[in-house]
Amino acid sequence: MIDSKQFDVVVLGGGNAALCAAISAARQGAAVAVLEASPKFYRGGNTRHTRNMRCAHDTATETLTGPYGEEEFWEDLLKVTGGQTDEQLARYMISESKKMLTWISEQGVRFQPSLGGTLSLGRTNSFFLGGGRAMLNSLYRTAERLGVTIAYDAEAIDLDIEDGGFRSATILYAGKTKRVGARNLVAASGGFEANLEWMEEYWGPRARKFLVRGTPYNRGSVLRMLLDVGVAEVGDPTQCHAVAIDARAPKFDGGIITRLDCVVFGIVVNKEARRFYDEGEDIWPKRYAIWGRLVAGQPDQIAYIIFDASSIDLFMPSLYPAIEAQTIAELAGKLELDPTQLSKTLAEFNAAVRPGSFDHTKLDDCRTEGLDPPKTHWARRIERAPFYAYPVRPGITFTYLGTKVDRNARMVMRDGRPSKNMFAAGEIMAGNVLGRGYAAGIGMTIGSVFGRIAGREAAKNACN
119 MIDSKQFDVV VLGGGNAALC AAISAARQGA AVAVLEASPK FYRGGNTRHT RNMRCAHDTA
179 TETLTGPYGE EEFWEDLLKV TGGQTDEQLA RYMISESKKM LTWISEQGVR FQPSLGGTLS
239 LGRTNSFFLG GGRAMLNSLY RTAERLGVTI AYDAEAIDLD IEDGGFRSAT ILYAGKTKRV
299 GARNLVAASG GFEANLEWME EYWGPRARKF LVRGTPYNRG SVLRMLLDVG VAEVGDPTQC
359 HAVAIDARAP KFDGGIITRL DCVVFGIVVN KEARRFYDEG EDIWPKRYAI WGRLVAGQPD
419 QIAYIIFDAS SIDLFMPSLY PAIEAQTIAE LAGKLELDPT QLSKTLAEFN AAVRPGSFDH
479 TKLDDCRTEG LDPPKTHWAR RIERAPFYAY PVRPGITFTY LGTKVDRNAR MVMRDGRPSK
539 NMFAAGEIMA GNVLGRGYAA GIGMTIGSVF GRIAGREAAK NACN
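Each residue of the sequence shown is one higher than the one before, counting from 119 in the working numbering.
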């Protein structure tokens, strides 16, 4: 029972980072408890909706088409973050990521070759066989086999922390409050993206239109408690992993199947039927996560991806069918856009296209000329009926405001001292690495690498 003994390590959370921490600690001989706020069916937080992780590796494998060195990984991270990252910590994470594919496999997780379409990740990212839920199931089986105590519907509502030292967590469990004591804490409970009231503090009324791609249980209560007792914070509270998702998606938990990867094949217009950003700026996995913030800055926080029949089979569609029409005027009517302005926008775009050798897997030479904003790659005239559109809204995956940590995943207090016995992994500390921006699979890298480190270090600390 969770309240019948003193644990060496208590892990708050139930996703990838939490399970990696629990398994790592248990393999060191620690007595570990995992407290997951959600019901068992919804266990795993945002990990349920993932598909892959990005790890450095020296050679091709059965599922990876070539090497992806540490320096290339660092350059990719540096580019998407614009330099807003802790270089020492990020480089350490990248170095440690080289061990993760083997270590994760040892925990029962299996991989498959990359999915196709616009992802272009066959060399850099390892895809989970069966997706994130299958990965989670493997980790849970391993944790249970190692004797980890797991409790669902176990929401932490209070933390007993004094002078940087954790003593116990009070949880709401089976309709009662219970105290769970432990020698060490690993916080792996995600960000606060599902707490739209907290999001509104930074984004204003726009946050009311945001959709949350992942779990409704990531409300940031553990993060708030840690910051309130003196843990140093890191990250810009307005920065987050936010993509453009189908506007017809549910408010919460729409997951990966609501994401749209067709931006590079067409144009994106706002409700005024005007373009507002370069749809072909870079390879899609390095730019897909900017589109949530871009749409958030548009009127009514909505936009529309417009493309034609030449592109309909080049990407994985949303759960919802594309809106189809035989003419641009008809399409505008279905989208409730000004048909004159949408036709003007399309005509100006088509006139500016300078054809080249179209290839969505690399930075090709299909571009526009004399258009503002330009489309610098993959520009093709939109003129072949039928015409299609997807309405999109900002889809928040996770937030970057979090707890500051050192290379041992130990939390740092506001006065600069390391915590006595508190560690963090995953989204709750992702802001140490991700000051802004995102590249596909890095969230899982952060969770896996720092989860393994946090569990190992917490188990060592329990022996001191």
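Positions of the beta carbon are idealized from the N, C-alpha and C atoms, including for glycine. Here the structure is a predicted model, which means the values were calculated and not measured.
CA-to-CA distance, residue j to residue i, given in whole angstroms
i    : j    : result
M531 : Y556 : 27 Å
V387 : T517 : 26 Å
A135 : A580 : 19 Å
L481 : T295 : 56 Å
L277 : V129 : 12 Å
A292 : D418 : 41 Å
N539 : D126 : 10 Å
T563 : C173 : 7 Å
E188 : D176 : 9 Å
G308 : E454 : 37 Å
L344 : L378 : 35 Å
A178 : T242 : 10 Å
W321 : A360 : 13 Å
G338 : A325 : 16 Å
E583 : T333 : With the chain represented from 119 up to 582, any question about residue 583 goes unanswered, as that position is not in the structure.
I420 : G372 : 17 Å
T260 : I141 : 7 Å
L196 : G163 : 27 Å
G147 : R301 : 14 Å
E390 : K522 : 42 Å
L153 : E273 : 7 Å
G240 : I408 : 22 Å
E262 : Y160 : 17 Å
A269 : K158 : 9 Å
G131 : I546 : 10 Å
A497 : I120 : 58 Å
Reference residue i; option with closest CA among the options
i    : options                : result
T267 : Y258, Q459, E273, G283 : Y258
L219 : G573, G559, R535       : G559
I375 : A362, G384, F383       : A362
T168 : S244, N582, A440       : S244
A598 : A507, D400, A139       : Outside the shown range of the chain, which is 119 to 582, sits residue 598, and nothing can be said about it.
M317 : E351, C358, G299       : C358
V227 : L341, D204, N255       : N255
E190 : D204, E180, S213, T181 : S213
C380 : G299, E224, G398       : G398
A527 : I120, L303, G474, A450 : L303
V551 : L137, W192, A312       : W192
F541 : F246, K216, I279       : I279
S436 : L449, G451, K404, D364 : D364
N468 : G488, S475, D456, P457 : G488
P403 : L519, P536, G561       : G561
6 Å Cβ shell around residue i - same chain, five flanking residues per side excluded
i    : result
Y395 : L412, P491
F328 : P512, I514
R166 : G250, R251
G544 : A135, A306, G565
A149 : F125, D126
Y422 : V387, L453, A507, P509
D426 : I500, R502, F505
E351 : L345
Three-state secondary structure (DSSP) of residue i
i    : result
R393 : strand
C138 : helix
E318 : helix
L437 : coil
F541 : strand
H167 : helix
Q202 : coil
E399 : coil
G520 : strand
Same chain only: Cβ atoms within 7 Å of residue i, ignoring 5 sequence neighbours per side
i    : result
T494 : D396, G398, E399, R485
| field | Segment contact flag, the stretch 189-201 with the stretch 245-252, C-beta cutoff 8 Å, min 3 pairs | value | no
| query | Are the stretch 438-446 and the stretch 501-509 touching, with three or more C-beta to C-beta distances below 8 Å? | reply | yes
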